[in-house]
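The block underneath contains the structure these notes are about, expressed in C-alpha cells.
Number of protein chains: 2
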Amino acid sequence: MSTLREQGGSVGIVGLGLIGGSLARALQGAGVPVVATDPSSAEAARAAGLTVADDVAGLAVQRPDVVVLAVPLRAMRAVAAELAEALSGEPGWDPTVTDVGSVKAPVREAVSDAGLGDRYVGAHPMSGTERSGFEASSVELLQGIPWAVTCAPGTDPARLERVLRLVTGPLGGTAAVLTDELHDEAAALVSHVPHVLANQLLGAVAGAPVRDLALRLAAGSFRDGTRVGLSDPRRTEAMVTENAAWVAPVLRLAARDLERLAEALDSNAPTHWFFDRPDSVRERLGRPGGTRVTGLHPGDGAGLSDVGSDVDVVPLTGDWPAELVTRCAGGAVVFALEDGTALLR
Amino acid sequence: MSTLREQGGSVGIVGLGLIGGSLARALQGAGVPVVATDPSSAEAARAAGLTVADDVAGLAVQRPDVVVLAVPLRAMRAVAAELAEALSGEPGWDPTVTDVGSVKAPVREAVSDAGLGDRYVGAHPMSGTERSGFEASSVELLQGIPWAVTCAPGTDPARLERVLRLVTGPLGGTAAVLTDELHDEAAALVSHVPHVLANQLLGAVAGAPVRDLALRLAAGSFRDGTRVGLSDPRRTEAMVTENAAWVAPVLRLAARDLERLAEALDSNAPTHWFFDRPDSVRERLGRPGGTRVTGLHPGDGAGLSDVGSDVDVVPLTGDWPAELVTRCAGGAVVFALEDGTALLR
Numbered sequence: 027m028s029t030l031r032e033q034g035g036s037v038g039i040v041g042l043g044l045i046g047g048s049l050a051r052a053l054q055g056a057g058v059p060v061v062a063t064d065p066s067s068a069e070a071a072r073a074a075g076l077t078v079a080d081d082v083a084g085l086a087v088q089r090p091d092v093v094v095l096a097v098p099l100r101a102m103r104a105v106a107a108e109l110a111e112a113l114s115g116e117p118g119w120d121p122t123v124t125d126v127g128s129v130k131a132p133v134r135e136a137v138s139d140a141g142l143g144d145r146y147v148g149a150h151p152m153s154g155t156e157r158s159g160f161e162a163s164s165v166e167l168l169q170g171i172p173w174a175v176t177c178a179p180g181t182d183p184a185r186l187e188r189v190l191r192l193v194t195g196p197l198g199g200t201a202a203v204l205t206d207e208l209h210d211e212a213a214a215l216v217s218h219v220p221h222v223l224a225n226q227l228l229g230a231v232a233g234a235p236v237r238d239l240a241l242r243l244a245a246g247s248f249r250d251g252t253r254v255g256l257s258d259p260r261r262t263e264a265m266v267t268e269n270a271a272w273v274a275p276v277l278r279l280a281a282r283d284l285e286r287l288a289e290a291l292d293s294n295a296p297t298h299w300f301f302d303r304p305d306s307v308r309e310r311l312g313r314p315g316g317t318r319v320t321g322l323h324p325g326d327g328a329g330l331s332d333v334g335s336d337v338d339v340v341p342l343t344g345d346w347p348a349e350l351v352t353r354c355a356g357g358a359v360v361f362a363l364e365d366g367t368a369l370l371r
Numbered sequence: 027m028s029t030l031r032e033q034g035g036s037v038g039i040v041g042l043g044l045i046g047g048s049l050a051r052a053l054q055g056a057g058v059p060v061v062a063t064d065p066s067s068a069e070a071a072r073a074a075g076l077t078v079a080d081d082v083a084g085l086a087v088q089r090p091d092v093v094v095l096a097v098p099l100r101a102m103r104a105v106a107a108e109l110a111e112a113l114s115g116e117p118g119w120d121p122t123v124t125d126v127g128s129v130k131a132p133v134r135e136a137v138s139d140a141g142l143g144d145r146y147v148g149a150h151p152m153s154g155t156e157r158s159g160f161e162a163s164s165v166e167l168l169q170g171i172p173w174a175v176t177c178a179p180g181t182d183p184a185r186l187e188r189v190l191r192l193v194t195g196p197l198g199g200t201a202a203v204l205t206d207e208l209h210d211e212a213a214a215l216v217s218h219v220p221h222v223l224a225n226q227l228l229g230a231v232a233g234a235p236v237r238d239l240a241l242r243l244a245a246g247s248f249r250d251g252t253r254v255g256l257s258d259p260r261r262t263e264a265m266v267t268e269n270a271a272w273v274a275p276v277l278r279l280a281a282r283d284l285e286r287l288a289e290a291l292d293s294n295a296p297t298h299w300f301f302d303r304p305d306s307v308r309e310r311l312g313r314p315g316g317t318r319v320t321g322l323h324p325g326d327g328a329g330l331s332d333v334g335s336d337v338d339v340v341p342l343t344g345d346w347p348a349e350l351v352t353r354c355a356g357g358a359v360v361f362a363l364e365d366g367t368a369l370l371r
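Sequence order for the protein chains is V and W.
Numbering-wise (the numbering used here), the first sequence opens with residue 27 and increments by one.
Numbering-wise (the numbering used here), the second sequence opens with residue 27 and increments by one.
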C-alpha cells in the first residue's frame, strides 16, 4: 500500500468551478487532504464538506504538496502571480504546481512568467459537461477518466511523478504523458474543433428562416452534435483562442473539405472520398471489445480508452519523462506507478 | 375510443431495417395489424413474432390499408415500381402509400414516376441510431417521437389524415405537416449537415499524425460530436446526396464561417460573432421547462420537442392541409386528431 504522501500528498485547489469542484470532491472522497479557495463558491463548498481558505494566501498557509490552478484560462496569469507572491511568504514550502486548463502551452507560459516554471507540470482532465460552476461539479466527473499530463525538457521528474501518482492513484485515471504541443494538437482535434462545429450547427439554425421548425424536428443527431455548443460561449471561446495555432489549421481543412463536398453535391460528382475517409477511425472505435464507451448519460464526459491491450513497463530511471512522451505520443497511457516503474497500456 | 380503421387500419411495411423493423414492432405492439416483407430479414422478423410475406406481391395479397416504403433511398424507385405492379394485380385494393425516407422531394418523385403519386403522403420519423438492420430495431425507437409528414397541392386529405392518425395514434408521436421543401430544408440543418460534420471530425482525426493519441484523449465532446459518423457511410452519403440542393448551401455557409474564424484566430481578431451567434437557439434549448430532452442513451434518437405550449385547434375542413403546413412551418406540431379537428401545440 502506498501512503498518501506517495500518492501526491495534500492538495490545494485554486478555483472551485465545474472541474476544480469535481477535483476537490473526488480527492477528498478518496481520502486525500484537500484545501481549496474560491471566493464565489466558498459557502457552497463548505456546505459540501470541503475545507475552504479565504484566498490564495490562506491556502498557502496550509502548505499543500500540490497546488492545482483550476481557474478559467483567462485568469491563469493573475492567479499564478498571486500564488508566486504567497510562496514568497511561506519559506520552505515547496509545492508542485499543476492546472486543469484545456490548453497547455499558454498555461506553461503564464506560470513560467510568474516564476513558477520549475515547479510546474501541466494537466488536463479529458472530461466535462456543457454546464459550469461548483453547483455542476460532482464526485464522479473526474473519477477514472483519461488525463493528459504535460512536461517540457526542464521538468523535474519528481514533480511529474507526483502528479502522475495523483491521477493514477486516488483519481483512478490514466495519463498520457505529452509535450504541451502534442497535447494542444490532439486536443484541437478531439475537443476544441468539436466545440467549434457544435457552435456552427447551432449558429446555422439560429440564422435560418425555418429555425423554429428545424428545432421541432431536431432529434438525436442534432442533440449530440450540438451538446457542447450549449456550454458557456466565453469558456469555449477562450479554449479556442488560446489554442489558435492548432485549431485554425483544422478549421481551414474543414472549410476546404466542406467546400469541396458542396461542389461535388452541386455537380453530381463522387462523394465517396468524403464519407469513406473516416474508415480507419470508425474501425478503431467500433472494434469489438474496443474503445467506445456506451451507456453514459450524454451530459457526462468519459474517455474512449482502449481496454485489453498489453501492459508495458517503463522504469522511472534515466530520462524516463522523454521515454513516456515517446510511448504516449503513439497512443499508450500510464495507468499505474509501481515499484519504481510506470505501467502503460 | 377510435377504431383501428380510424387510426389508419392495417399496415404493410416493405423493408425491415432499423426503421422498418422498429415501425413493425411498434405498430404490432400497439395492436395494429401488420404485414411486412424483406427477404434479408424474414427469418429474424418471423422469430420476433411479425407476419412476413415473401415479397411485395405477397404483401399485396393481404391488402393493407397503408403501405410504408421503408427501404434505403436508393431502392425507393425500384420498390415503388414493384408496388405499382402488385397493385395492378389486386383490383379494388386502394392503399395509401407512405415512406420513412430521410429526404422527401426525391421520394415523391420516385413514387409519382411509378404512378403512385395520388396515393402518396411523405413521412419521416425523426429518430434513429448509428446502427443499421433489423437486429438494431426496437419497439421503442419510433414510439412517441416527432415526425415530419409531407404533402403537395394534389395530396388527398383523407390519405393525409390516415397517416396522421397512425403517427399520433398507435405510435404516440407528433407530426409537423410540411411541404417536401420545408422538410428537406429543415432536415438539412438538423440532420444531414450534423451527419456531414460528424464525418468531418472523424476524417480530420483519421488523417492526423497524432491519430492514435487523439483517440486516447477523446472524451464526451468528440464522442457526441461524432456518434452519427459511425453510421453506415453509404446510408449517410445517400441521405446527403439526395438532399444536395438543401445541404450544399449549408455546407458552403459552414465553410465560409470556419474560414473566417480561422482567419480571426490567426490574426487575433474578435471571435465573439461566431460564438455568440447561436444565442437565440441556446436560449430556446436551455429554457426552463423547455425543450431539451435529457437522460436518454446517446444511441437513441429522440425529439427536442417543446412542452407546455398552448393547444391550437384546426378543423379538418376546407384546405386544412395547407392550413396545417402554415402552422407547422412556424414550429407547431399536430399531437392528436379528435372530433374532426387537428390538435396542435
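We treat Cβ as the ideally placed atom computed from N, Cα and C, and that holds for glycine.
Open item on the list: By the 8 Å beta-carbon criterion, what residues does the segment 154 to 166 of chain V contribute toward chain W?
Closed with: Gly154, Thr155
Task: Closest residue to Arg100 of chain V among V:Thr367, V:Met265, V:Asp302 (Cα-Cα distance) - done: V:Met265
TODO: Determine whether the Cβ of Ile171 of chain W lies closer than 9 Å to any Cβ atom of chain V.
DONE: yes
Task: Best match in W:Ala178, W:Pro98, W:Leu142 for proximity to Val92 of chain W [C-alpha to C-alpha] - done: W:Leu142
Open item on the list: Within the continuous beta strand (DSSP E) that includes Ala418 of chain V, where are the two ends?
Closed with: Nothing about residue 418 of chain V can be reported from this structure: the residues present for chain V run from 27 to 371 only.
- [ ] Give a yes or no on whether 9 Å exceeds the smallest Cβ distance from Pro220 of chain W to chain V.
- [x] yes
TODO: Would you grab the beta carbon distance between Leu190 of chain V and Val360 of chain V for me? Rounded to a whole angstrom, and I think it's under 8 Å.
DONE: 6 Å
Task: Start-to-end residues for the beta strand (DSSP E) that takes in Val78 of chain V - done: From DSSP, Val78 of chain V is part of no beta strand (DSSP E); its letter is neither H nor E.
TODO: Measure the C-alpha to C-alpha separation of Ala202 of chain V and Trp173 of chain W and round it to an integer number of angstroms.
DONE: 44 Å
Open item on the list: Tell me which residues of the segment 130 to 142 of chain V have at least one Cβ-Cβ distance to chain W shorter than 7 Å, keeping chain order.
Closed with: none
Open item on the list: Does the distance between the C-beta of Ser247 of chain W and the nearest non-hydrogen atom of the ligand ADP fall short of 8 Å?
Closed with: Questions concerning the ligand ADP fall outside what the structure shown contains, since it holds no ligand whatsoever.
- [ ] Pull up the DSSP beta-bridge partners for Thr63 of chain V, would you.
- [x] V:Val40
- [ ] With DSSP collapsed to three states, give me the class of His323 of chain W.
- [x] Unreliable placement is indicated for His323 of chain W, whose pLDDT of 29 sits below 50; no coordinate value is reported for it.
Open item on the list: DSSP has Glu364 of chain W in a bridge; who is on the other side?
Closed with: According to DSSP, Glu364 of chain W shares a beta bridge with W:Thr367.
Task: Euclidean distance between Cα positions of Ser153 of chain W and Val339 of chain W - done: 26 Å
- [ ] Specify the secondary structure class of Pro220 of chain W as computed by DSSP and reduced to three states.
- [x] Helix at Pro220 of chain W.
Task: Delimiting residues of the alpha helix (DSSP H) encompassing Pro259 of chain V - done: 259 to 268
Task: Glu14 of chain V: contacting residues in chain W (beta-carbon distance under 8 Å) - done: As shown, chain V starts at 27 and ends at 371. That puts residue 14 of chain V outside it, with no answer to give.
TODO: State whether the segment 77 to 85 of chain V contacts the segment 226 to 245 of chain V, with contact taken as three or more CB pairs (one from each stretch) at a distance under 8 Å.
DONE: Proximity of the segment 77 to 85 of chain V to the segment 226 to 245 of chain V falls short of the contact definition, fewer than three beta-carbon pairs being nearer than 8 Å.
Task: Where Thr194 of chain V sits in the DSSP three-state scheme - done: helix
Open item on the list: Could you compute how far the alpha carbon of Val82 of chain V sits from the alpha carbon of Thr122 of chain V?
Closed with: 15 Å
TODO: Could you please give me the residues that DSSP links to Asp238 of chain W through a beta bridge?
DONE: In the DSSP output, where bridge partners are listed per residue, Asp238 of chain W has none listed.
Task: Residues near Ala52 of chain W by beta carbon distance below 7 Å, same chain, minus five either side - done: Val165, Leu168, Gln169, Leu197
Open item on the list: Against Ala202 of chain W, what residues of chain V qualify as contacts under a CB-to-CB distance less than 9 Å, listed in chain order?
Closed with: Leu239, Arg242, Leu243
Task: Outcome for Asn225 of chain W when other beta-carbon atoms lying within 10 angstroms are tallied against a minimum of 16 - done: Around the beta carbon of Asn225 of chain W, a 10 Å sphere encloses 16 or more other beta carbons of the protein chains shown; the residue is thus reported as buried.
Task: Short-range partners of chain W found in the segment 173 to 185 of chain V, where Cβ spacing is below 7 Å - done: Listed by position along the chain: Ala174.
- [ ] Give the single residue among W:Pro347, W:Val216, W:Pro90 whose Cα lies nearest to the Cα of Glu187 of chain W.
- [x] Residue W:Pro347 is the option with its Cα nearest to Glu187 of chain W.
- [ ] Mind listing the chain W neighbours of Glu268 of chain V? Cutoff is C-beta to C-beta under 7 Å, in chain order.
- [x] Proximity of chain W to Glu268 of chain V at the Cβ level (cut-off 7 Å) is not reached, the minimal Cβ distance being about 10 Å.
- [ ] Would you tell me roughly how many angstroms separate the C-alpha atoms of Leu109 of chain V and Ala86 of chain V, rounded to the nearest one?
- [x] One C-alpha to the other measures close to 8 Å.
Open item on the list: Can you give me the C-alpha to C-alpha distance between Ser66 of chain V and Val254 of chain V, rounded to a whole angstrom?
Closed with: 24 Å
Task: Collapsed DSSP secondary structure at Gly46 of chain W in the structure displayed - done: helix
Open item on the list: With a threshold of 9 Å between beta carbons, is Val340 of chain W in contact with chain V?
Closed with: By this cut-off, Val340 of chain W is not an interface position.
Task: Beta-carbon gap between Val236 of chain W and Glu211 of chain V smaller than 9 Å - done: yes
TODO: Tell me, to the nearest whole angstrom, how far the beta carbon of Arg185 of chain W is from that of Val147 of chain W; I am working on the premise that it is less than 8 Å.
DONE: The Cβ separation is near 5 Å, so the contact holds.
Task: Helix, strand or coil at Ala201 of chain V according to DSSP, with G and I counted as helix - done: Note: Ala201 of chain V maps to strand in three-state DSSP.
Task: Separation of Gly47 of chain W from Asn269 of chain W, as counted between CA atoms - done: 24 Å
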